[in-house]
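Engineer: Dropping the structure in here first, questions after.
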Amino acid sequence: MSNLSFVGKSRKRKDGPDKVTGKAVYSQDVKLPGTLTGRILRSPHAHARILRIDTSRAKALPGVKCVITVDDTKGIKHGFVETPRYPPDQEVFARDKVVHIGQEIAAVAAINDMVAAEAVGLIEVEYEILPALFRPLASMKPGAVEIQPTHPKVDEPYTNIAGKTETEWGDVEQGFAEAHLVRTDRFESHLRTHGYLEPHVTLAHWENDKLNVWTSSMGTFVKRSKLAKVLDLPFSSVRIHKTYTGGTFGGKIDLYTHEYAASRLSMLTNRPVRIVASREEIFSAYRHGQPLTVELKTGVDRNGVLVAQQIKIINNAGAHRGSGVVVIFLCWGFTMAPYRIPNFKYEGYSVYTNYTTRAPQRGHGCPQVRFAIESQMDMIAEELGIDPVTIRMNNARDPEEDLPNSDNVHQAGLKDCLRLAAEKTDFLRNYGQTRKAADLAGSKRRGWGIGLSSYFTGSLIYPNGSGVMVKMNDDGSAVVLTGALDVGQGAETVISQIVAEELSLEMEDIKLVTSDTDTTPQDIGAWISGMTYVTGNASREAAGNAREKLLEVAAEQMNTPKSDLRLQDKMVISISNPDNRLSYRQVIAASVATHRGDTIIGEGFWRTMRDEPMHPSLATTKGRWSENYAFSVQVAEVEVDIETGEARLIKALTVHDCGFPVNPGLVKGQVDGQVSMALGHAFMEEVVTRNGSTLNTNWLDYRMPTIHNMAISEDADVITEQYKVGQPYRTKEVGEGLVSAILAAMANAVYDATGVRLHSTPFTPAKILSGLQKLEQKKAG
Amino acid sequence: MIEAVKSRSRKRLITLTVNGEEHEIAIRPNAMLVDVVRDQIGLTGTKSGCSSGSCGACTLLIDGRPMLACSTLAVECDGKAIRTVEDLADGERLSPIQEAFLDQGAVQCGFCTPGMLMSVTALIASNPKPSHQEIKKALEGNLCRCTGYNAIFNAVLQATGQDGIKPIMF
Ligand code: FES
Ligand code: FES
Chain A
0 MSNLSFVGKS RKRKDGPDKV TGKAVYSQDV KLPGTLTGRI LRSPHAHARI LRIDTSRAKA
60 LPGVKCVITV DDTKGIKHGF VETPRYPPDQ EVFARDKVVH IGQEIAAVAA INDMVAAEAV
120 GLIEVEYEIL PALFRPLASM KPGAVEIQPT HPKVDEPYTN IAGKTETEWG DVEQGFAEAH
180 LVRTDRFESH LRTHGYLEPH VTLAHWENDK LNVWTSSMGT FVKRSKLAKV LDLPFSSVRI
240 HKTYTGGTFG GKIDLYTHEY AASRLSMLTN RPVRIVASRE EIFSAYRHGQ PLTVELKTGV
300 DRNGVLVAQQ IKIINNAGAH RGSGVVVIFL CWGFTMAPYR IPNFKYEGYS VYTNYTTRAP
360 QRGHGCPQVR FAIESQMDMI AEELGIDPVT IRMNNARDPE EDLPNSDNVH QAGLKDCLRL
420 AAEKTDFLRN YGQTRKAADL AGSKRRGWGI GLSSYFTGSL IYPNGSGVMV KMNDDGSAVV
480 LTGALDVGQG AETVISQIVA EELSLEMEDI KLVTSDTDTT PQDIGAWISG MTYVTGNASR
540 EAAGNAREKL LEVAAEQMNT PKSDLRLQDK MVISISNPDN RLSYRQVIAA SVATHRGDTI
600 IGEGFWRTMR DEPMHPSLAT TKGRWSENYA FSVQVAEVEV DIETGEARLI KALTVHDCGF
660 PVNPGLVKGQ VDGQVSMALG HAFMEEVVTR NGSTLNTNWL DYRMPTIHNM AISEDADVIT
720 EQYKVGQPYR TKEVGEGLVS AILAAMANAV YDATGVRLHS TPFTPAKILS GLQKLEQKKA
780 G
Chain B
0 MIEAVKSRSR KRLITLTVNG EEHEIAIRPN AMLVDVVRDQ IGLTGTKSGC SSGSCGACTL
60 LIDGRPMLAC STLAVECDGK AIRTVEDLAD GERLSPIQEA FLDQGAVQCG FCTPGMLMSV
120 TALIASNPKP SHQEIKKALE GNLCRCTGYN AIFNAVLQAT GQDGIKPIMF
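Same order as they appear, the protein sequences are chains A and B.
Start counting the first sequence at 0; every next residue gets the next number (numbering that gives the first Met the number 0).
Start counting the second sequence at 0; every next residue gets the next number (numbering that gives the first Met the number 0).
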């Protein structure tokens, strides 16, 4: 594998031409004749008993074809997590009570959007308002109003606990007693949303006992399983078709009620039904990320080496279990992976509040938890008089270390990342200069900050594995059947590169059929940070399997052993006698002629952690989590205006060990996008709510980065050479973990520029100004 | 209410020249251009991201000027020339701007791409060598959540032959 032609190269996007010409089909682009418009009635209350629903006036409106409520469903529940401990907990429509604003009460199908809107307005619902809770600390108080029952296995006197994760090793108390320095800090994060440009759209068409669905998703097979379940249909009766997804970042993975509603309404009317979520609905009723409170107690020795760490996370988890119980598990993982912690105690609580149900959001807890840990690391370093690079070096994991869950970090490039990041930014020369300088002119202050992070690469969760088929055509070109979904990350490109490499084909020789639940093999989907690793390796196996079959037939035909054969330009060539050669076309024809009519089809399958029966325990963290850990170190250069408190990211450096980058250009795109999303997180974005109701329901009020906020984004990868040697498929996560360390780096850079230490996101002018004021007072007083 | 709906939906006939082809179409007077172009003319390359003038995904050209099709009444475009993303390539040959987007990795999910391309097309038509600030000004109404704008910015520089920007994708 020394001469790579495709893998490791910045090949242009396979879906690029379609996307720049307007040909790429998204769910909103699929049109069927006779389509009805569906619309959803949502709760205006955050917590209320439903006393009565009367749909009769809506049903009587001319042009209305169907109205459904919970009584028209089979009452089958679904959930982001569906395990014995955390069984499905959510119905598609509210039954008896609503638990958040925007919760779905009913859905209508009508001949057009105006009639549908009017019909929704004619549905009468009588509520009895209940007290609503929005702060987890209030919600978990013994005796608080019950939003949902506390998990039966949590035997603490709290209410509204959706789930708890706890684990420990060593002896933290003793560790703290022996530590040279112990710090306790508390960090808060805020509510943000995904900001995918494509709104949720679902078109469903029930025809001949088959439900055809086009919907914005992150994996068609997960969607199918949940949709079929709540509709009580066999998987074979539900087909999710391929469409491109216009951005997701976690916000399109769960089953959404509009998907159920469009489907059910189509089944009842025998007409196609489309439901489009308005941007206002998305902001006010759909799922956002998860604000965490992180209480962090850390003990270190004189050199800043961790002796003990205790962490307690409280997740403001919204009104259903959602992915909240996953976040509190993941935060443990994001804590234990990068640094060695000899004594450790972890508790995570996911607490129901009357907010909309939460979804995964790029990084899924990692930015929030790294913000806390990396901020505190800098505080500790300063107290000890150690620089930010050295203290991290003293704690960072070495290659081949075992993790407490018996995973192994293998060739972890963390220390290389640290070294390179510090060197490339001249970090130790820049850091601290602004605060040291006396009488700086003007109001602009520069600061530098550093952070690090680790992210897992795929874990076991349904559908657990990916299959890929490579069908050779008679002319030697290939069709690849894969369930992988391109949500922008470049799945189609990467898979094509791998197949091209393994079969010595050109990119143009490969056509893909993707993410269609009826015609492509099952796939893990674009949401568990493992697609390039899992589906990529399935692609390698499938192409390799096709290659072996080609070689076997060629060896027979060419009277030479397989070991004497090589592939080049769609030819099989004898190494010892290069004149002895057959084109793929000839080999395939020979296979059909002499082998019962066999055409050449390769199959490949992959699953991470092949020997593990299942995923780790979300409650105890026991069991293996991942077999590939990605590492990164990020440096932020921030400018703060000390008069206005306004801060912005000027430049980011991302140094990462993402394993072998199959396509460095696509990796760069992921880096830039994550830096941008993180700067929005740090300085701009917040879903502002009052009593559970979203106040900023459009992009004029929810400030997402525009081109004016663009930061310089540089990146470098480390130890790529090591992966090249026989491991070009040892790929690691690179699509979501990089929103994490950079967030912490920006907080640390704000401190470096101003001396203001921020304990909560976002880093607003008000917080920075008040911090500056306190510093002034301290100086004066 | 129903009466109001009926009178609002009394259709009007307008003529639009879309990508050089003349269309005579009957539209509801409150129909937005984005819906007419996507649903009635059938050109779905133009995207609908927010329907409220805040994302730029629906940007197309009206008489050469970039406009938000979700915030433009179709009746106002009677007799005007509309240009959409479908018109940028010459058959299989992509325009230099489209090429530059692919060369620079400026496309990820692709949902902002048609609107971005139209804004850039209008910019370059009126200003073949825009400054950095002019590029930002021209694209400030087009949101992109995937790329962080860096690659898009570089694509405009490449398309206008500036700063020695070379392709990064091959
Ligand atoms: S769809 Fe027109 S600006 Fe968003
Ligand atoms: S490429 Fe996805 S929004 Fe721009």
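Even for Gly, the Cβ is constructed at its ideal location relative to N, Cα and C.
For clarity, every value in this text was computed on a predicted model and none was experimentally measured.
#1: Identify, in the order they occur along the chain, each residue of the same chain with its Cβ nearer than 8 Å to the Cβ of A:ASP71, setting aside the five sequence neighbours on each side.
#2: Report the three-state DSSP secondary structure of A:CYS365 (helix, strand or coil).
#3: Is the shortest distance between the beta-carbon of B:SER125 and the beta-carbons of chain A less than 7 Å?
#4: Taking 6 Å as the cut-off, is the C-beta of B:GLY147 nearer than that to any heavy atom in ligand 2?
#5: Flag this pair as touching only if the stretch 760–776 of chain A and the stretch 29–49 of chain B have three or more C-beta atom pairs under 8 Å; answer yes or no.
#6: State yes or no: is the beta carbon of B:GLN157 nearer than 7 Å to at least one beta carbon in chain A?
#7: Is A:GLU399 helix, strand or coil by DSSP?
#8: Counting contacts by CB-CB distance shorter than 7 Å, is B:ALA219 in contact with chain A?
#9: Chain B beta carbons: is any one of them nearer than 7 Å to that of A:ILE20?
#10: Below 8 Å, how does it come out for the stretch 586–595 of chain A and the stretch 500–514 of chain A: are there three or more Cβ pairs, yes or no?
#11: Going along chain B in order, which residues have a C-beta closer than 7 Å to the C-beta of A:TRP698?
#12: Within 7 Å of any Cβ in chain A, is that where the Cβ of B:ILE81 sits?
#13: Would you say A:LEU484 and A:ALA542 are within 7 Å of each other, going by their C-beta atoms?
#14: So, helix, strand or coil for B:LYS148, using DSSP?
#15: With a threshold of 7 Å between beta carbons, is A:GLY78 in contact with chain B?
#16: So, at 8 Å on beta carbons, what are the nonlocal neighbours of A:CYS416 in its own chain, with the 5 sequence-adjacent residues on each side left out?
#17: Going by DSSP, what residue range makes up the alpha helix (DSSP H) through A:LEU771?
#18: Return the bridge partner residues of A:HIS655 from the DSSP annotation.
#19: Whole angstroms is fine: what's the gap from A:GLN375's alpha carbon to A:THR219's?
#20: From A:GLY249 to A:HIS193, what distance separates their C-alpha atoms?
#21: CA-CA distance, A:LYS435 and A:GLY736?
#22: Would you say B:ASN149 faces chain A, with C-beta separation under 7 Å as the test?
#23: Is A:SER538 helix, strand or coil by DSSP?
#24: Less than 6 Å between C-beta atoms, sequence neighbours within five positions excluded: which residues of the same chain meet that for B:VAL119?
#25: Would you kindly work out how many angstroms separate the C-alpha atoms of A:GLU382 and A:ALA651, rounded to a whole number?
#26: Using a Cβ cut-off of 8 Å, pull out every chain B residue sitting near A:MET703, in sequence order please.
#27: When every heavy atom of ligand 1 is checked, does at least one fall within less than 6 Å of the C-beta of A:GLY194?
#28: Among the candidates A:TYR532, A:GLU642, A:LEU254, whose CA atom is the shortest distance from the CA of A:GLU81?
#29: Can you tell which of A:PRO86, A:ALA744, A:LYS209, A:ILE52 has the C-alpha that lies nearest to the C-alpha of A:PRO271?
#30: Counting only beta-carbon separations shorter than 7 Å, does A:LEU694 have a partner in chain B?
#31: To which residues of the same chain is A:ASP517 closer than 6 Å at the C-beta, ignoring the five residues directly before and after it?
#32: Go ahead and label A:TRP624 buried or exposed: buried means 16 or more other beta carbons lie within 10 angstroms of its beta carbon, across all protein chains shown.
#33: Would you check if the stretch 705–722 of chain A and the stretch 350–361 of chain A touch, i.e. whether three or more CB-CB distances between them fall below 8 Å?
#34: Against B:LYS170, what residues of chain A qualify as contacts under a CB-to-CB distance less than 9 Å, listed in chain order?
#35: Are A:LYS360 and A:VAL326 closer than 7 Å when you measure CB to CB?
#36: Please specify which runs of the alpha helix (DSSP H), each continuous and at least 4 residues long, are wholly inside the stretch 65–123 of chain A, giving them in chain order.
Structural biologist: In terms of the structure at hand:
#1: Taking the first sequence and counting its residues from 1, one reaches residue 71 of chain A at position 72. ARG263, LEU267.
#2: Along the first sequence, one-based indexing puts residue 365 of chain A at 366. Reduced to three states, the DSSP call for A:CYS365 is helix.
#3: Counting from one through the second sequence, the residue named residue 125 of chain B turns up at place 126. No, its Cβ sits nowhere closer than 7 Å to a Cβ of chain A.
#4: Your numbering for residue 147 of chain B matches position 148 in the second sequence. Of the heavy atoms belonging to ligand 2, none sits nearer than 6 Å to the Cβ of B:GLY147.
#5: Under the Cβ criterion (8 Å, minimum of three pairs), the stretch 760–776 of chain A does not count as touching the stretch 29–49 of chain B.
#6: As a working note, residue 157 of chain B is residue 158 in the second sequence. It does not: the Cβ of B:GLN157 has no partner Cβ on chain A nearer than 7 Å.
#7: Mapped onto the first sequence, residue 399 of chain A falls at position 400. The answer is coil: DSSP assigns A:GLU399 none of H, G, I, E or B.
#8: Because chain B spans 0 through 169 in this model, residue 219 of chain B falls outside it and cannot be assessed.
#9: As a position in the first sequence, residue 20 of chain A is number 21, starting the count at 1. Checking the sequence shown, residue 20 of chain A turns out to be Thr, not Ile. So yes, A:THR20 belongs to the interface.
#10: The answer is no - the stretch 500–514 of chain A does not touch the stretch 586–595 of chain A, with fewer than three Cβ pairs under 8 Å.
#11: For the purposes of this step, residue 698 of chain A is taken as the residue at position 699 of the first sequence. One finds CYS49, SER53, CYS54, LEU142 in chain B with Cβ atoms closer than 7 Å to the Cβ of A:TRP698, taken in chain order.
#12: Along the second sequence, read from residue 1 onward, the residue named residue 81 of chain B stands at position 82. By this cut-off, B:ILE81 is not an interface position.
#13: By one-based count along the first sequence, residue 484 of chain A stands at place 485. By one-based count along the first sequence, residue 542 of chain A stands at place 543. Contact annotation: A:LEU484 and A:ALA542 have beta-carbon atoms that are not nearer than 7 Å.
#14: Looking up residue 148 of chain B in the second sequence gives position 149. The displayed chain sequence assigns Tyr, not Lys, to residue 148 of chain B. Three-state DSSP puts B:TYR148 in coil, outside helix and strand.
#15: Here the question's residue 78 of chain A lines up with position 79 in the first sequence. No, A:GLY78 does not count as interfacial toward chain B.
#16: As a first step, residue 416 of chain A is located in the first sequence; it is residue number 417 there, counting from the start. Hits under 8 Å: LEU451, PHE630, SER631, VAL632, VAL654, HIS655, ASP656, VAL717.
#17: For the purposes of this step, residue 771 of chain A is taken as residue 772 along the first sequence, with counting starting at 1. A:LEU771 -> alpha helix (DSSP H) spans 764–779.
#18: In the first sequence, residue 655 of chain A corresponds to position 656, counting from 1. Residue pairing by DSSP places A:HIS655 opposite A:SER631, A:ASP716 in a beta bridge.
#19: For this step, residue 375 of chain A is matched to residue 376 along the first sequence. For this step, residue 219 of chain A is matched to residue 220 along the first sequence. One C-alpha to the other measures close to 41 Å.
#20: Taking the first residue of the first sequence as position 1, residue 249 of chain A is located at position 250. Taking the first residue of the first sequence as position 1, residue 193 of chain A is located at position 194. Each residue's CA atom was taken as its position, placing A:GLY249 and A:HIS193 some 7 Å apart.
#21: On the first sequence, position 436 is the one that residue 435 of chain A refers to. On the first sequence, position 737 is the one that residue 736 of chain A refers to. Those two C-alpha atoms are separated by around 33 Å.
#22: Position 150 of the second sequence, counting from 1, holds the residue named residue 149 of chain B. Using a CB distance cut-off of 7 Å, B:ASN149 counts as an interface residue toward chain A.
#23: Within the first sequence, residue 538 of chain A is the residue found at index 539, counting from 1. Three-state DSSP puts A:SER538 in a helix.
#24: Taking the first residue of the second sequence as position 1, residue 119 of chain B is located at position 120. These residues qualify, in order along the chain: ILE96, VAL155.
#25: Position 383 of the first sequence, counted from the start, is the residue given in the question as residue 382 of chain A. Position 652 of the first sequence, counted from the start, is the residue given in the question as residue 651 of chain A. Approximately 26 Å, taken between the alpha carbons.
#26: The sequence position of residue 703 of chain A within the first sequence is 704, counting from 1. Simply LEU142, ARG144.
#27: By 1-based counting over the first sequence, the position of residue 194 of chain A is 195. With a threshold of 6 Å, the Cβ atom of A:GLY194 does not count as near ligand 1, since no heavy atom of the ligand is closer than that.
#28: Residue 81 of chain A sits at position 82 when you count from the first residue of the first sequence. Nearest option by C-alpha distance: A:LEU254.
#29: Here residue 271 of chain A refers to the residue found at position 272 when the first sequence is read from its first residue. Distances from the alpha-carbon of A:PRO271 to those of A:PRO86, A:ALA744, A:LYS209, A:ILE52 put A:LYS209 closest.
#30: Stepping through the first sequence from its first residue, residue 694 of chain A is reached at position 695. Output row for A:LEU694: interface = no.
#31: Against the first sequence, residue 517 of chain A aligns to sequence position 518. For A:ASP517, where only same-chain residues beyond five positions count, the Cβ hits under 6 Å are ARG238.
#32: By one-based count along the first sequence, residue 624 of chain A stands at place 625. The Cβ neighbour count for A:TRP624, taken over all protein chains shown within 10 Å, is at least 16; the residue is labelled buried.
#33: By the Cβ rule, the stretch 350–361 of chain A does not count as touching the stretch 705–722 of chain A, because fewer than three pairs are nearer than 8 Å.
#34: Absent from the model: residue 170 of chain B. The displayed extent of chain B is 0 to 169, so no value can be given.
#35: In the first sequence, the residue the question calls residue 360 of chain A occupies position 361. In the first sequence, the residue the question calls residue 326 of chain A occupies position 327. Checking the sequence shown, residue 360 of chain A turns out to be Gln, not Lys. No; because the gap between Cβ atoms is not below 7 Å, this pair is not in contact.
#36: Segments of the alpha helix (DSSP H) lying fully in the stretch 65–123 of chain A: 112–121.
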